[in-house]
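Line order of the protein sequences matches chains A and B. Whatever position you read off the first sequence (first residue = 1), add 1424 for the numbering used here. Whatever position you read off the second sequence (first residue = 1), add 1326 for the numbering used here.
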Amino acid sequence: MAHAVEPAPHAEEEYTTTGLNHRKLLMWVFLGSDCMFFGTLIATYMVYRGQSLNGPYPIDIINVPVTTISTFVLLCSSFAMVQALAATNRDDQKAIRIWLLATAFLGAIFIGFQIVEFNAFKNEGLTLGVNLFGASFFTLTGFHGAHVTLGVIWLLGMAVLAFKGRVGPATALDVEILGLYWHFVDIVWIIIFTLLYLIGGFDTGPLPPSGG
Amino acid sequence: MSSSHQEGHHPTFKQYVWVAIILFAITIVEFVLIWPRAGIVESLGYSKLPLLAILSAIKFAIVIAFYMHLKFDNKLFTWVFLAGLFLAFGVSVALLGLFTALGGEPRAYALERAIPYDAEEAEHQREQQKKKAAETPVATIAPTEPAPVATKSSGTVDTPTEAPDPVVQPSGLDGQEIFLGSGGCGACHTVDGVSQGLVGPDLSHLGTEAAERKPGMSAEDYIFESIRDPQAFVATGVERAIPGIMTAGITGGLSDEEVQALVDFLLAQK
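Put into structure tokens, the structure is as follows:
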């Protein structure tokens, strides 16, 4: 805090015209572009929403309570991530390891939920090719799941470094960039959860809701 | 130089806990709002959409402001990110505006053609398909076995003795094989227990329906003509009977014997 003037000598930043670290700026540029990536997939889902010609329709399949739980898990992991970064900044080695592993663990649980969900959907007849709902749903949530999986691998790699004692204030930027990616995955899920589950999860398809 | 490393600019542990609690609380509120058993969703009506959108936008903003430190960081990071976000938002809204109503109401095309879905019925069908797949090797070893026709679900149980006859052709051609194989009919047409195509009309009971379709034409002649020249006469009042989709070109590769085998196979679908 008061030592901001003299950080560890190897933490010295190289000169940049913006005064900002290039890696961090690059991560933000990447996240901006990833917004567009998910934006198109979300828009595609919304365009095809309610246009499937045959079932299963969302209401036959989507389990909102279960996914609310997995949403909580992902929110918890974001909290664990900020704690990991805070621990890195104050060089608390034990806390760094615990919070990094906790974040990875919670991310893995979210993936587990998604695997169970996809499997249940498949068993109930929803596949990538069965209708517009299946195609746009699996493409969108699948790409999000791939992002989470990549994040978990990144977190585990960082945890390995932490156990070797190589994560601390000098490498805080590495943890911060990892955190940015992780929180981005979380905010994408906030949107997917709202649109596909809370709003779209009760869609009956193009039919008047008659028999069920 | 770098402002990002200065501790004082990051929120405290207590602030992070508060952020987490607010995020949780909003998620719970969202869930209660839409969960049918909570009884709130009906009274919301169309205001459900903007309400949920605002709540989610608040969550989104809290995460990027506090967890991702945008509130405390250099503004360039914020602008770079928001540029991508607004582009994505603009493209999404434009796409929705171009192709569909914002509420996702089905287009007329979908409204006219969609078929209801019954989860139990679908499961039953999947089981039957599995059973059929398991039986297929047996059927090819003994081609005289009328198993695939006889395992049709309801409707034909009362006529099991009639079914095998038309399948055994003088020409030696198996209508069902052509239907599923070289003819490719099964890709678009449904025949109970044989195929599940959803593009064209359901042919499961064509054997009984064909005689009524075209005035002055026998069932056999009508089916023959409809295969050879699908455009010659398009029946009215038949689900998924859409003029122009099936053309003579699709069936042009079939010989007269093959078409006749198909006709006999379809006549047996009562």
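No residue lacks a Cβ here, since even glycine has one placed at the ideal position from N, Cα and C.
Check, Outcome
"Cβ neighbour criterion (16 or more within 10 Å) applied to residue 1576/A", "buried"
"C-beta neighbour in chain A for residue 1406/B, strict 8 angstroms", "yes"
"Contact with chain A by residue 1330/B, beta-carbon distance below 8 angstroms", "The pLDDT assigned to residue 1330/B is 42, lower than 50, so where the model puts this residue is not dependable; a value taken from the coordinates is nonetheless given after this. Yes, its Cβ sits closer than 8 angstroms to a Cβ of chain A."
"Chain A contact for residue 1571/B (CB, 8 angstroms cutoff)", "no"
"Status (buried if at least 16 other CB within 10 Å, exposed otherwise) for residue 1498/A", "buried"
"Which of helix, strand or coil DSSP assigns to residue 1331/B", "Any reading at residue 1331/B must be qualified, since the residue scores a pLDDT of 44, below 50, and its modelled position is unreliable; the value itself is stated next. Of the three classes helix, strand and coil, the one that applies to residue 1331/B here is helix, per DSSP."
"Residue closest to residue 1376/B, alpha-carbon to alpha-carbon, out of 1628/A, 1622/A, 1629/A", "1622/A"
"Assigned exposure category for residue 1547/A - 16 Cβ within 10 Å defines buried", "exposed"
"Own chain residues within Cβ distance below 7 angstroms of residue 1426/A, not counting five before or after", "Annotation note: pLDDT 44 at residue 1426/A (below 50); position unreliable, no value reported."
"Inter-residue spacing [alpha-carbon to alpha-carbon] between residue 1441/A and residue 1456/A", "21 angstroms"
"Unbroken alpha helix (DSSP H) run spanning residue 1550/A, endpoints", "Segment: none, residue 1550/A is in no alpha helix (DSSP H) and carries neither H nor E."
"Proximity test, Cβ basis, 8 angstroms: residue 1572/A and chain B", "no"
"Amino acids of chain B, ordered along the chain, whose beta-carbon sits closer than 7 angstroms to that of residue 1637/A", "Because chain A spans 1425 through 1636 in this model, residue 1637/A falls outside it and cannot be assessed."
"Cβ-based contacts, 7 angstroms cut-off: residues of the region 1489 to 1501 of chain A near chain B", "1492, 1495, 1496, 1499"
"For residue 1615/A and residue 1448/A, the rounded distance between their alpha carbons", "24 angstroms"
"Within 8 angstroms, strictly: CB atoms of residue 1579/A and residue 1549/A", "no"
"Residue nearest to residue 1509/A in terms of C-alpha spacing, selected from 1620/A, 1629/A, 1586/A", "1586/A"
"Residues of the region 1354 to 1372 of chain B with Cβ closer than 9 angstroms to any Cβ of chain A, in chain order", "1354, 1356, 1357, 1359, 1360, 1361, 1362, 1367"
"Contacting residues, own chain, Cβ-Cβ under 6 angstroms from residue 1551/A (five flanking each side not counted)", "1558"
"Listed by chain order, chain A residues near residue 1403/B by CB distance under 8 angstroms", "1444, 1448, 1449, 1452"
"CB-CB length for residue 1345/B against residue 1610/A, believed under 8 angstroms", "Not quite, the Cβ-Cβ distance comes to about 12 angstroms (not below 8 angstroms), so this is no contact."
"Proximity test, Cβ basis, 8 angstroms: residue 1591/B and chain A", "no"
"DSSP state of residue 1552/B mapped onto helix, strand, coil", "helix"
"Residue closest to residue 1534/A, alpha-carbon to alpha-carbon, out of 1490/A, 1458/A, 1445/A", "1490/A"
"Stretch pair the region 1511 to 1527 of chain B + the region 1564 to 1571 of chain B: three plus CB contacts closer than 8 angstroms", "yes"
"Reference residue 1540/B; option with closest CA among 1560/B, 1529/B, 1566/B, 1353/B", "1560/B"
"Unbroken stretches of the alpha helix (DSSP H), 4 residues or longer, contained in the region 1396 to 1471 of chain B", "1401 to 1425, 1434 to 1439, 1445 to 1467"
"Test: residue 1375/B CB closer than 8 angstroms to a CB of chain A", "yes"
"Residue 1440/B to residue 1447/B span [Cα, whole Å]", "16 angstroms"
"Proximal chain A residues relative to residue 1309/B, where beta-carbon distance stays under 9 angstroms", "As displayed, chain B neither begins before 1327 nor continues past 1596, which places residue 1309/B out of reach and without an answer."
"7 angstroms Cβ shell around residue 1599/A - same chain, five flanking residues per side excluded", "1508, 1509, 1512, 1582, 1591"
"Secondary structure of residue 1476/B, DSSP reduced to three states", "Only weak support exists for where residue 1476/B lies, its pLDDT of 42 falling under 50; the value from the coordinates is given anyway. In the structure shown, residue 1476/B sits in a helix (DSSP, three-state: H, G or I)."
"Alpha carbon of residue 1613/A to alpha carbon of residue 1433/B, nearest angstrom", "28 angstroms"
"C-alpha distance - residue 1578/B paired with residue 1549/B, whole-angstrom precision", "15 angstroms"
"One or two residues paired with residue 1517/B in a DSSP bridge", "1521/B"
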